[in-house]
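**Q**
Residue numbers (our numbering): 1 to 507.
1. Could you check where the alpha helix (DSSP H) with residue 511 kicks off and where it finishes?
2. Pull up the distance between the alpha-carbon of residue 353 and that of residue 368, whole angstroms please.
3. List the DSSP bridge partners of residue 263.
4. Taking DSSP as the reference, what is the three-state secondary structure of residue 489?
5. List the endpoints of the continuous beta strand (DSSP E) containing residue 237.
6. Which value, in whole angstroms, describes the spacing of the CA atoms of residue 1 and residue 27?
7. Less than 8 Å between the C-beta atoms of residue 311 and residue 282, yes or no?
8. Tell me whether the region 294-314 and the region 260-267 touch, counting them as touching only if at least three CB pairs, one residue from each stretch, are closer than 8 Å.
9. Thinking residue 449 and residue 428 are a contact (beta carbons under 8 Å), I'd like their distance in whole angstroms, please.
10. Just the Cα atoms here: how many angstroms apart are residue 13 and residue 357?
11. Any beta carbon of chain B sitting closer than 8 Å to that of residue 457?
12. Can you tell me the Cβ-Cβ gap for residue 295 and residue 268, rounded? I've got them flagged as a contact below 8 Å.
13. Here's the rule: buried if 16 or more other CB atoms are within 10 angstroms of the residue's CB, otherwise exposed. What is residue 477?
14. Closer than 8 Å by C-beta to residue 343: which residues in its own chain qualify, once you throw out the five before and the five after it? Chain order, please.
15. Look up residue 1 in the DSSP assignment and say whether it is helix, strand or coil.
16. Three-state secondary structure (DSSP) at residue 299?
17. I'd like the span of the alpha helix (DSSP H) that includes residue 419, first residue to last.
18. Return the residue from the list 75, 98, 280 that minimises the CA-CA distance to residue 8.
19. Can you tell me the Cβ-Cβ gap for residue 123 and residue 114, rounded? I've got them flagged as a contact below 8 Å.
20. Pick out whichever of 385, 35, 69 has its Cα sitting closest to the Cα of residue 494.
21. Any idea if residue 222 is buried or exposed, counting beta-carbon neighbours within 10 angstroms, 16 or more meaning buried?
22. Are the Cβ atoms of residue 82 and residue 144 separated by less than 8 Å?
23. Give me, in chain order, the residues of the same chain whose beta-carbon lies closer than 7 Å to that of residue 327; leave out the 5 immediate sequence neighbours on both sides.
24. Among residues of its own chain, excluding the 5 on either side of residue 226, which ones have a beta-carbon nearer than 6 Å to its beta-carbon?
25. Give me whichever residues DSSP pairs with residue 412 in a beta bridge.
26. What's the C-alpha gap between residue 435 and residue 157?
27. Helix, strand or coil for residue 136 per DSSP?
28. Please report the residue range of the alpha helix (DSSP H) in which residue 87 lies.
29. Let me check understanding here. Comparing Cα to Cα, which of 121, 152, 475 lies closest to residue 501?
30. Say yes only if the C-beta of residue 178 is nearer than 7 Å to one or more non-hydrogen atoms of the ligand NAD, and no if none qualify.
31. Rounded to a whole number of angstroms, what is the C-alpha to C-alpha distance between residue 24 and residue 39?
32. Taking the continuous alpha helix (DSSP H) assigned at residue 401, which residues delimit it?
33. So, does the region 124-137 touch the region 83-98, judging by three or more C-beta pairs under 8 Å?
34. Of all the alpha helix (DSSP H) runs that stay within the bounds of the region 55-130, which reach a length of 4 or more residues?
35. Residue 172 to residue 17, Cα distance in whole Å?
36. At which residue ranges does the region 287-345 contain complete alpha helix (DSSP H) runs of 4 or more residues, listed in the order of the chain?
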């Protein structure tokens with residue numbers, strides 16, 4: 001049975017006061033007595049609403065430069081007292097402690113301060129002590145107390161007050177308590193991360209923003225996203241993004257971030273099926289699409305330049321799920337929006353994630369994100385044949401792609417265009433054979449093309465197969481005990497090969 005409690009006294013201490021005035025006016029109309037700390041009390045007084053200071057309640061001034069204001073039995077006793085416990089009530093009367101039925105807090109913005117170039121002492125002073133204690137105390141005593149732990153809950157509270165006055169049910173109080181502990185855990189995680197200095201001594205991650213997805217990877221699985229999606233992308237049009245959409249969008253943004261020159265990419269199931277770098281936007285799109293027009297069906301499109309009406313007209317000829325670009329011409333948007341479910345996204349920035357984690361067994365795997373990509377200066381030519389300038393450009397292009405391809409991975413490319421890739425094979429030989437077969441199916445001439453491998457060749461078999469297919473330059477990490485065998489075969493059949501010293505496994 002729902003237990004309804006009347007709000008008679010409220011304690012308010014907030015950093016952010018936007019939207020607080022409506023709550024205060026309503027509480028005053030309902031006859032609720034207000035207690036507050038100095039800054040909030042001044043704000044309340046400016047509204048012409050009576051309010052008792054915390055100093056008036058406790059009989060003590062704010063001390064230690066404001067570090068101690070609310071930490072007093074007359075505050076916390078009023079919050080934590082159990083209204084159905086005779087001994088608690090007797091002590092309340094004995095020490096003249098008022099029952100506090102509503103606590104509203106908005107914490108010092110610690111997370112904001114640490115993103116600024118602030119000095120350590122300024123950051124430390126933004127660790128809220130009194131506020132977080134008020135939140136935890138009120139949430140613990142949800143049987144009797146309503147707790148609002150963030151400015152983001154102001155709207156929910158005012159809706160409750162407008163609907164039913166200064167009253168709350170046990171279900172409502174328990175919901176607010178749950179939200180309060182979410183706020184406090186996220187706040188504590190941010191403080192821990194600051195002191196831990198990105199060493200990941202312990203796994204502590206908290207995200208307040210939640211997005212419920214239609215379902216997970218499959219319709220019978222629940223799915224959700226936790227984090228700040230809006231800082232990375234804006235959705236201009238289309239249906240709600242799905243779990244699988246988000247995985248593909250993440251993969252697409254990671255891939256396109258490797259390129260400064262104009263590049264178009266098409267992805268399917270997190271892997272690129274078409275990529276090309278060109279001087280012309282239309283040329284880049286057409287070259288990317290020709291890489292695998294079959295797999296492009298239902299794919300994710302991404303480009304690092306504005307989409308114009310000419311390219312939009314061509315793109316509109318195929319079915320795809322999502323398109324991502326930094327901007328769109330107005331006419332291009334008109335064309336692309338003709339399909340109501342087509343998801344059109346603006347990429348605002350690249351992902352700033354430097355650490356990746358995933359659940360496994362009854363724990364979490366964590367690793368640094370693979371941020372390493374090679375330049376010409378990182379290449380070590382290990383064959384007597386030296387790759388040409390054009391081949392080096394293609395090798396570096398292919399190496400970027402293989403880094404973002406599921407292992408075992410082989411990428412074949414020419415003229416900064418993805419010809420084909422062997423994706424997620426249990427054997428590197430199978431990956432290469434798959435790539436060659438696919439390139440032939442789409443009538444690409446592999447003579448003079450290049451090959452990239454995400455890991456070393458344990459034997460020279462891949463080099464032999466590649467040479468027979470017409471591939472003339474190879475990029476790979478090196479490091480196999482049989483490297484010399486591969487090098488000798490390359491020298492024999494006039495294939496150049498470079499080592500990067502960096503493996504790019506992707507599981």
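Glycine included, every Cβ here is placed at the ideal spot set by N, Cα and C. Model, not experiment: these values are computed from the prediction.
**A** Answer, in terms of the structure:
1. The structure shown does not extend to residue 511, since the chain spans only 1 to 507, so no value can be given for it.
2. Cα to Cα, the separation comes out at about 9 Å.
3. 277
4. helix
5. 233-237
6. Model confidence at residue 1 stands at a pLDDT of 45, short of 50, so the residue's coordinates are unreliable; what they give is reported in the following sentence. Their Cα atoms are separated by approximately 26 Å.
7. yes
8. yes
9. Residue 449 to residue 428, Cβ: 17 Å. No contact.
10. 37 Å
11. No chain B is part of this structure, which consists of one protein chain only.
12. 5 Å
13. buried
14. 235, 237, 238, 239, 241, 245, 321, 322, 323
15. Summary for residue 1: the model assigns pLDDT 45, below 50, so the residue's position carries little reliability, and this model does not support an answer.
16. Of the three classes helix, strand and coil, the one that applies to residue 299 here is strand, per DSSP.
17. Residue 419 -> not in any alpha helix (DSSP H); beta strand (DSSP E) instead, spanning 418-422.
18. 98
19. 6 Å
20. 385
21. Exposed, since its Cβ has fewer than 16 Cβ neighbours within 10 Å.
22. yes
23. 306, 346
24. The beta carbon of residue 226 sits closer than 6 Å to the beta carbons of 207, 210 from its chain, once the five residues preceding and following it are set aside; these are given in chain order.
25. 420, 451
26. 59 Å
27. Note: residue 136 maps to helix in three-state DSSP.
28. 86-94
29. Comparing Cα-Cα distances from residue 501 to each of 121, 152, 475, the minimum goes to 475.
30. Ligands are entirely absent from the displayed structure, and the ligand NAD is therefore not among its contents.
31. Rounded to whole angstroms, the gap between the alpha carbons of residue 24 and residue 39 is 15 Å.
32. Element bounds for residue 401: 389-403.
33. With the cut-off at 8 Å, the region 124-137 and the region 83-98 do not touch.
34. Correct list: 73-80, 86-94, 110-113, 120-125.
35. 23 Å
36. 309-315, 330-336
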